[in-house]
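Notes follow the structure.
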Ligand SMILES: Cc1cc2nc3c(=O)[nH]c(=O)nc-3n(C[C@H](O)[C@H](O)[C@H](O)COP(=O)(O)OP(=O)(O)OC[C@H]3O[C@@H](n4cnc5c(N)ncnc54)[C@H](O)[C@@H]3O)c2cc1C
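Residue numbers (the working numbering): 1 to 390.
Quick look at the structure:
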């Protein structure tokens, strides 16, 4: 269902992606999860469909797809394989700013290769709390300030805690501060290719869910030229590049990825629940299950309606803050957790014994509460935006 009115173009992209996701992405999802394997083949299928560069504006030779279409596409992929959708969504957010405000050098060096399917990016952001390891300590998360040295900015053993697509990405768009740059607010974005600095990945990714993501810590060493700073030639420096050119895509695609977990699990349940027991009855004949499914359907539609409304507002240049985007993100991720939790109950021991993909959706959904801006952090921001001065 899509209650939000889609244009013919948006509907076509949705259907095209559904077909790719069913054919190329869905069949590999369980294997990636089981083997904790990076979803390279599924991502390549998205590249072959031109989706890696789908946000590049027309003026630079891309299709310039809008954010509503982007949400539709990410949801369709996530319905079939949340790990693939998460790696893909991280790539989209990583290349978003440089695709919209490249310098001539960045256009030739990064955006044109992106259009040829040669750029698959990761977004190393968060760093360990405190100075050592990835242990929790009650210290706000910060990013290191990179000193200026001859040739650019010095990455001196910069450790990032979780980097989706670590070691598999061709390019990294690092969240950092730079000497002489802003000291408050969102970090700067520094782009480089994987062979332009030294890096190593730490350990193996063995998360509860999103097991295909390879979201392990990374350490970076090297010097990155100043001209690799995204937005370096912008005249108006008052609004951070991240806020204006990256955040909408970043937040909305989180929402879309988690919405896809909810809607993918729900669609599966509609088919599985319709199967008949030897008695002839169906799981969906049970009034308790019908009530559960009815509630889930309402949650999914509410989350999707807000997500598409927020995306359309952004496409139309009508948003004045991240409020609707964050509200959509928390609603979508909570829908994913709630829907998959209820479906684990509804499908009983069969689900618990992992004989159905519901258990995978259930595990993947949990990541939505703690990542992207953890929901608690997002609610803090929402509260501050609603009640400034509190
Ligand atoms: C699968 C996966 C992939 C990821 N990929 C990437 C990636 O590619 N790039 C990247 O940069 N990061 C990535 N992350 C990291 C992610 O975005 C979060 O930074 C990370 O999950 C937060 O974990 P933490 O232990 O640092 O949480 P903490 O910051 O310690 O937070 C733990 C909990 O404390 C509470 N809390 C913390 N701060 C606040 C606050 N200010 N207000 C209210 N409550 C608060 C919340 O309940 C929160 O859930 C990934 C994470 C996961 C799980």
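All residues carry an ideal CB built from backbone N, CA and C; glycine is no exception.
Quick check on the DSSP output: the alpha helix (DSSP H) that includes residue i runs from which residue to which?
i	result
residue 13	8-20
residue 239	Where residue 239 is concerned, there is no enclosing alpha helix (DSSP H), given that its DSSP letter is neither H nor E.
residue 113	112-115
residue 91	82-100
residue 337	323-346
residue 24	Unbroken run through residue 24: none, as it is neither H nor E.
residue 375	375-386
residue 272	247-272
Please report the Cβ distance between residue i and residue j, rounded to the nearest whole angstrom; I am assuming they are in contact, meaning their Cβ atoms lie under 8 Å.
i	j	result
residue 57	residue 99	7 Å
residue 161	residue 128	5 Å
residue 281	residue 346	At roughly 14 Å, the Cβ-Cβ gap does not stay under 8 Å, so residue 281 and residue 346 are not in contact.
residue 96	residue 256	Not really, about 14 Å apart at Cβ, beyond 8 Å.
residue 52	residue 120	6 Å
Roughly how many whole angstroms lie between the Cα atoms of residue i and residue j?
i	j	result
residue 307	residue 332	8 Å
residue 382	residue 369	15 Å
residue 144	residue 224	15 Å
residue 7	residue 16	14 Å
residue 246	residue 232	15 Å
residue 106	residue 228	7 Å
residue 388	residue 244	20 Å
residue 132	residue 221	Confidence at residue 132 is low in this model, with a pLDDT of 48, below 50, so its placement is unreliable and the value that follows should be read with caution. Computed Cα separation, rounded: 17 Å.
residue 316	residue 203	43 Å
residue 274	residue 295	17 Å
residue 54	residue 83	19 Å
residue 165	residue 196	17 Å
residue 299	residue 214	30 Å
residue 2	residue 312	14 Å
residue 212	residue 108	31 Å
residue 249	residue 376	20 Å
residue 284	residue 314	39 Å
residue 85	residue 293	24 Å
residue 378	residue 330	7 Å
residue 190	residue 262	34 Å
residue 11	residue 310	18 Å
residue 173	residue 122	6 Å
residue 322	residue 328	10 Å
residue 266	residue 240	39 Å
residue 43	residue 88	7 Å
residue 49	residue 115	12 Å
residue 67	residue 193	26 Å
residue 217	residue 41	23 Å
residue 20	residue 380	38 Å
residue 325	residue 252	6 Å
residue 126	residue 9	36 Å
residue 357	residue 4	28 Å
residue 205	residue 163	10 Å
residue 139	residue 364	For residue 139, the pLDDT reaches just 47, beneath the cut-off of 50, and the residue's location in the model is therefore unreliable, leaving the point undetermined.
residue 297	residue 80	18 Å
residue 341	residue 334	10 Å
According to DSSP, is residue i part of a helix, a strand, or is it coil?
i	result
residue 286	coil
residue 298	helix
residue 229	strand
residue 36	coil
residue 355	coil
residue 281	coil
residue 45	helix
residue 318	coil
residue 123	coil
residue 28	helix
residue 211	coil
residue 360	helix
residue 276	strand
residue 118	coil
residue 54	coil
residue 131	Any reading at residue 131 must be qualified, since the residue scores a pLDDT of 49, below 50, and its modelled position is unreliable; no value is offered.
residue 105	helix
residue 371	coil
residue 60	helix
residue 389	coil
residue 234	coil
residue 306	helix
residue 65	coil
residue 5	coil
Determine the extent of the beta strand (DSSP E) in which residue i is found, giving its start and end residues.
i	result
residue 223	216-224
Closer than 6 Å: is that where the CB of residue i sits relative to any heavy atom of ligand 3?
i	result
residue 21	The model on display carries ligand 1 but not ligand 3.
Please go through the segment 138-205 and give each complete alpha helix (DSSP H) segment of 4 or more residues, from N-terminal end onward. none
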